[in-house]
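Chains U and F supply the protein sequences, listed in that same order. Once you know that position 238 of the first sequence is 238 in the UniProt record's numbering, the rest is easy, because the numbers rise by one and skip nothing. Once you know that position 138 of the second sequence is 138 in the UniProt record's numbering, the rest is easy, because the numbers rise by one and skip nothing. Cβ atoms here follow ideal geometry from the backbone N, Cα and C, with glycine treated the same way.
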Amino acid sequence: MEKTKRQLFTNYYIKMKRMILGMQGTDGILFKLLIYGLLVGIGFVYIYPLIYMGSYSFKSLDDLLNPLVNWIPTQLYLENYKRAYEVLNFIPTLLETLYVAAIPAVAQTAVGAVVGYGLARFDFKGKKVIFILVLATFIIPPQVTLIPRYIFFNELNILGSLNAFLLPAAFGQGLNSAIFILIFYQFFRMVPKALEEAAQIDGAGHFRIFFTIALPMAVPGIIISFLFSFVWYWNETYLAAIYFGDSLTTLPLQLQKFVATYQQMFPAEMGLSGNKLNEGIKMAGTLLSILPLLIVYFITQRWFVEGVDRSGITGE
Amino acid sequence: MKSKLASRNRMIGLLFVSPWIIGFLVFTALPLLYSLYLSFHRVKITTSGIRTEFVKFGNYQFAFTGDSIFMDRLTQYIEEMVISVPIIIVFSLIIALLLNQKVKFRSFFRTVFFLPVIIASGPVIKELMDQGVTTIPSIEQYAIYQMLNANPEGIFNGMLLYLIKNLIVILWFSGVQILIFLAALQKMDQQTYEAAKIDGASNWEMFWKVTLPSITPMIIVNTIYTIVMFSIFSLNPIIEHIQKNMFKVDTGFGYASALSWIYFLIIAIALALTVGAMSFKGKSKYS
Chain U
1 MEKTKRQLFT NYYIKMKRMI LGMQGTDGIL FKLLIYGLLV GIGFVYIYPL IYMGSYSFKS
61 LDDLLNPLVN WIPTQLYLEN YKRAYEVLNF IPTLLETLYV AAIPAVAQTA VGAVVGYGLA
121 RFDFKGKKVI FILVLATFII PPQVTLIPRY IFFNELNILG SLNAFLLPAA FGQGLNSAIF
181 ILIFYQFFRM VPKALEEAAQ IDGAGHFRIF FTIALPMAVP GIIISFLFSF VWYWNETYLA
241 AIYFGDSLTT LPLQLQKFVA TYQQMFPAEM GLSGNKLNEG IKMAGTLLSI LPLLIVYFIT
301 QRWFVEGVDR SGITGE
Chain F
1 MKSKLASRNR MIGLLFVSPW IIGFLVFTAL PLLYSLYLSF HRVKITTSGI RTEFVKFGNY
61 QFAFTGDSIF MDRLTQYIEE MVISVPIIIV FSLIIALLLN QKVKFRSFFR TVFFLPVIIA
121 SGPVIKELMD QGVTTIPSIE QYAIYQMLNA NPEGIFNGML LYLIKNLIVI LWFSGVQILI
181 FLAALQKMDQ QTYEAAKIDG ASNWEMFWKV TLPSITPMII VNTIYTIVMF SIFSLNPIIE
241 HIQKNMFKVD TGFGYASALS WIYFLIIAIA LALTVGAMSF KGKSKYS
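This is the structure we're talking about:
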């Protein structure tokens, strides 16, 4: 009787130990706790600026000054957003940003598909050189080509119009074009050769094969390229500021001059303390300017993740 | 007949690639050469067009000897890169290893860690930095920070301060790298692990002897990506300086071109050094 009790206890002890420490060190509760703890902790630090932004954007001046109000504002205060909305000139700027980001993204995707197809499906002299040059364009900082392009665009008289973005993009020299060519290269390499040969026997030309067989098989690639390109053009402020000057603006650019615009619209010397710019309004402006991207991201996030998987840099 | 078909195919292949070739020549190769040409000249913009005057290495000389702001910014940039890049690589590898375990909500965590890639434009990061939310929450209260802050001149102290103040921004640059590592880890051959396990290897040993050597190429790819992205980010102090000089009367396009070429060469050297060192180390391990 005594013995069995002890046996039972040892059994129980071993079971507990296995549960906590695991069989091979990777499936115990302790290990799991550690992993989840780390992931949640790092994840929190990661999105801490976003939480901060969200919290501050709803704070009224009283809440901002009150040291007792930490994360949760005492009331639902929307005045910050109203102000920021006006300063950013939200809807017109949003439409302009969409125009500035989407059209070059379409061009870049189209040319990426065409060039990627050429590199993936044909053999010709100098293909290797071209391939290396494509990769090399990725590491050339845009600043080096910026000045000559600026002079060149000035002569073509396309500074201040979307063409300054669109032309390089349409010829595969836009933002990170090399990555998109690489993605399509990877996709088209996976199209079975037999399919192409069968179509050729049926009398289809190369361009018909490209449009009716290859492109439909690369639809995920098209979506991925478009999304990445869209986001990168959206966030581009350095080149946009130089090429567009004052004639085109985007939400990030408006955010950049937020303070100046605000002071122009709501002069502080009127004696109204409510007119002064505070963190709440700034954070509301920042959040408004990234809100469209956040929405796009949450709808399409699986494509972004897949984009990295499918770019083939991990080797197929 | 067949060779005729092959040469026809060749032509069509070139036709497909031709937009890129034209674009490369017009928008990249020619501008590269032209900016190299400008960098040796003093450029004046007049009503009748652009006038250039050959000044030999004058612009370069001025950059290194006369322009103290540029030298300051350059050392600052190199310092920042030296700390940030290794941190980004190690951090993204750790996150990828964590996500590679059998965790629930993996896609949720992936979404969180990739999110900054989407929203991190220059102005947004700048707003956040101004608000002081890019640092670890309430770090100012700790003794270490105050000690460092009291004496910010030394290189080491300066680096640590930069690290503390910008930790979240540095981590925010790791989104793409995490996904690249994760994709590589998930493609690893499970049989190797089983064989190592049978031979009695611990998880720790397996990481160093199996996982790490087989993802070395990915570490190189990620390092290149990180250096490039870090260098072209619009808040980078050098880029600002180049832009400022571009529209200044006394320096102008010529000097700005010289600066951008110096910058380009430094990036290229940084890439060559890190990639060279890593692939050399990787090779010596196998032989």
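### Query
With 16 as the cutoff for other CB atoms within 10 Å, does Met147 (chain F) come out buried or exposed?
For the purposes of this step, residue 147 (chain F) is identified with residue 147 of the second sequence, where counting begins at 1. Answer is exposed; the Cβ neighbour count stays below 16.
### Message
When you compare the CB of Ala120 (chain F) with every CB in chain U, is at least one pair closer than 9 Å?
### Response
Along the second sequence, one-based indexing puts residue 120 (chain F) at 120. Interface residue, yes.
### Query
Quick one: does Gly58 (chain F) have its CB under 9 Å from some CB of chain U?
Within the second sequence, the letter at position 58 stands for residue 58 (chain F). No, no contact with chain U.
### Task
Just mark Glu86 (chain U) as buried or exposed, buried being the case when its beta carbon has 16 or more other beta carbons within 10 Å.
Numbered from 1 along the first sequence, position 86 holds the residue referred to as residue 86 (chain U). Glu86 (chain U) comes out exposed.
### Query
Which residues mark the beginning and the end of the beta strand (DSSP E) in which Phe54 (chain F) is found?
Taking the second sequence and counting its residues from 1, the one referred to as residue 54 (chain F) is at position 54. Note, Phe54 (chain F): beta strand (DSSP E), Gly49 to Phe54.
### Task
Could you say if the stretch 65-84 of chain F and the stretch 157-175 of chain F meet the contact criterion of at least three C-beta pairs nearer than 8 Å?
Output reads yes: the stretch 157-175 of chain F touches the stretch 65-84 of chain F.
#### Entry: Per-residue contacts from Met246 (chain F) into chain U (C-beta, under 7 Å)
As a first step, residue 246 (chain F) must be located in the second sequence, where it is residue number 246. The answer, in chain order, is Ile147.
### Query
Mind pulling the chain U residues with CB within less than 9 Å of Arg73 (chain F)?
Residue mapping note: residue 73 (chain F) aligns to position 73 of the second sequence, counting from 1. None at all; the shortest Cβ gap to chain U is about 13 Å.
### Query
Going along chain U in order, which residues have a C-beta closer than 9 Å to the C-beta of Glu80 (chain F)?
The sequence position of residue 80 (chain F) within the second sequence is 80, counting from 1. Per Cβ cutoff of 9 Å: no residues; Glu80 (chain F) is ~16 Å from chain U at best.
#### Entry: Integer-rounded CB distance, given that Leu182 (chain F) should sit under 8 Å from Ala120 (chain F)
Your numbering for residue 120 (chain F) matches position 120 in the second sequence. Your numbering for residue 182 (chain F) matches position 182 in the second sequence. With 8 Å as the limit, Ala120 (chain F) and Leu182 (chain F) do not qualify as a contact, their Cβ atoms being about 19 Å apart.
### Message
Strictly below 7 Å CB to CB, what residues from chain U border Thr111 (chain F)?
### Response
As a first step, residue 111 (chain F) must be located in the second sequence, where it is residue number 111. Neighbours of Thr111 (chain F) in chain U, taken as residues whose beta carbon is under 7 Å from its own, are Gln301 in chain order.
### Where the stretch 216-235 of chain F meets chain U: residues whose CB sits under 8 Å from a CB there
Pro217, Met218, Val221, Ile224, Val228, Ser231, Ile232 and Ser234
### Query
CB of Lys17 (chain U) to nearest heavy atom of the ligand NAP: below 8 Å?
The ligand NAP is not part of the structure shown, which contains no ligands of any sort.
### Message
Quick check: what's the CA-CA separation for Asn157 (chain U) versus Ala178 (chain U)?
### Response
What you label residue 157 (chain U) is simply residue 157 of the first sequence in a count that begins at 1. What you label residue 178 (chain U) is simply residue 178 of the first sequence in a count that begins at 1. Approximately 27 Å, taken between the alpha carbons.
### Query
By DSSP, does Ile45 (chain F) sit in helix, in strand, or in coil?
Taking the first residue of the second sequence as position 1, residue 45 (chain F) is located at position 45. Correct three-state label for Ile45 (chain F): strand.
### Query
In three-state terms, what does DSSP make of Ile227 (chain F)?
The residue given as residue 227 (chain F) occupies position 227 in the second sequence. Looking at Ile227 (chain F) - three-state DSSP - the assignment turns out to be helix.
### Query
Given that Trp261 (chain F) touches chain U, what residues does it touch there, using C-beta distances under 8 Å?
To locate residue 261 (chain F), count along the second sequence from 1; it is residue 261. Val144, listed in chain order.
### Below-9 Å beta-carbon distance, Leu30 (chain F) vs any chain U residue
Stepping through the second sequence from its first residue, residue 30 (chain F) is reached at position 30. The Cβ of Leu30 (chain F) sits closer than 9 Å to at least one Cβ of chain U.
### Query
In three-state terms, what does DSSP make of Lys244 (chain F)?
Indexing the second sequence from 1 puts residue 244 (chain F) at position 244. Here Lys244 (chain F) carries a helix assignment [DSSP, helix/strand/coil].
#### Entry: chain U residues whose Cβ lies nearer than 7 Å to that of Ala256 (chain F)
Translated into the one-based positions of the second sequence, residue 256 (chain F) becomes position 256. Near Ala256 (chain F) (Cβ distances below 7 Å), the residues of chain U are Ile147.
### Other residues of its chain near Asn80 (chain U): CB distance less than 6 Å, five sequence neighbours each side excluded
For the purposes of this step, residue 80 (chain U) is taken as residue 80 along the first sequence, with counting starting at 1. Around Asn80 (chain U): Ser57, Gly280, Ile281 and Ala284.
### Query
How would you label Glu316 (chain U), buried or exposed, when you count the other beta carbons within 10 angstroms and need 16 or more for buried?
Position 316 of the first sequence, counted from the start, is the residue given in the question as residue 316 (chain U). Here Glu316 (chain U) scores only 41 on pLDDT, less than 50, and its place in the model is too uncertain to base an answer on.
### Query
Residue range of the alpha helix (DSSP H) that Thr75 (chain F) falls in?
Sequence index remark: in the second sequence, residue 75 (chain F) carries index 75 (1-based). Boundaries of the alpha helix (DSSP H) harbouring Thr75 (chain F): Ser68 to Asn100, taken from the DSSP string.
### Task
Could you run through the stretch 82-93 of chain F and flag, in chain order, every residue whose CB is less than 7 Å away from some CB of chain U?
none
### Query
Quick one: is Val305 (chain U) near chain F, going by C-beta distance under 9 Å?
For the purposes of this step, residue 305 (chain U) is taken as the residue at position 305 of the first sequence. Chain F, which has a Cβ nearer than 9 Å to the Cβ of Val305 (chain U), makes this yes.
#### Entry: Candidates F:Gln186, F:Pro116 and F:Ala258: closest to Asn100 (chain F) by CA position
One-based indexing of the second sequence puts residue 100 (chain F) at position 100. Checked all of F:Gln186, F:Pro116 and F:Ala258; the closest Cα to Asn100 (chain F) is F:Gln186.
### Message
Below 8 Å, how does it come out for the stretch 246-266 of chain U and the stretch 206-217 of chain U: are there three or more Cβ pairs, yes or no?
### Response
no
### Message
So for Ala169 (chain U), helix, strand or coil by DSSP?
### Response
Your numbering for residue 169 (chain U) matches position 169 in the first sequence. Three-state result, Ala169 (chain U): helix.
### Task
Give the straight-line distance between the Cα atoms of Met278 (chain F) and Ser247 (chain U), rounded to the nearest whole angstrom.
Locating residue 278 (chain F) in the second sequence gives position 278, counting from the first residue. Locating residue 247 (chain U) in the first sequence gives position 247, counting from the first residue. So the two alpha carbons sit approximately 46 Å from each other.
### Query
Buried or exposed: where does Thr97 (chain U) fall if 16 or more other Cβ atoms within 10 Å of its Cβ makes it buried?
Position 97 of the first sequence, counted from the start, is the residue given in the question as residue 97 (chain U). Buried, because 16 or more other Cβ atoms sit within 10 Å of the Cβ of Thr97 (chain U).
### Task
Give a yes or no on contact between the stretch 234-253 of chain U and the stretch 107-115 of chain U, applying the rule of three or more CB pairs nearer than 8 Å.
Counting Cβ pairs under 8 Å, fewer than three are found: no touch.
#### Entry: Beta-carbon proximity check, His241 (chain F) vs Ile69 (chain F), cutoff 9 Å
Position 241 of the second sequence holds residue 241 (chain F). Position 69 of the second sequence holds residue 69 (chain F). Yes, they are a contact pair.
### Query
Roughly how many angstroms lie between the CA atoms of Ile72 (chain U) and Leu61 (chain U), to the nearest whole one?
For the purposes of this step, residue 72 (chain U) is taken as residue 72 along the first sequence, with counting starting at 1. For the purposes of this step, residue 61 (chain U) is taken as residue 61 along the first sequence, with counting starting at 1. Their backbone Cα atoms lie some 14 Å apart in a straight line.
### Task
Ignore the nearest five residues each way along the sequence and tell me which others in residue 350 (chain F)'s own chain have a CB closer than 7 Å to its CB.
Nothing in the structure corresponds to residue 350 (chain F), since chain F is present only between 1 and 287.
### Message
Taking 8 Å as the limit between beta carbons, can you name the residues of its chain near Val106 (chain U), skipping five residues before and five after?
### Response
In the first sequence, the residue the question calls residue 106 (chain U) occupies position 106. For Val106 (chain U), where only same-chain residues beyond five positions count, the Cβ hits under 8 Å are Phe226.
#### Entry: Between the CA atoms of Tyr233 (chain U) and Leu93 (chain F) - distance to the nearest angstrom
Here the question's residue 93 (chain F) lines up with position 93 in the second sequence. Here the question's residue 233 (chain U) lines up with position 233 in the first sequence. Approximately 28 Å, taken between the alpha carbons.
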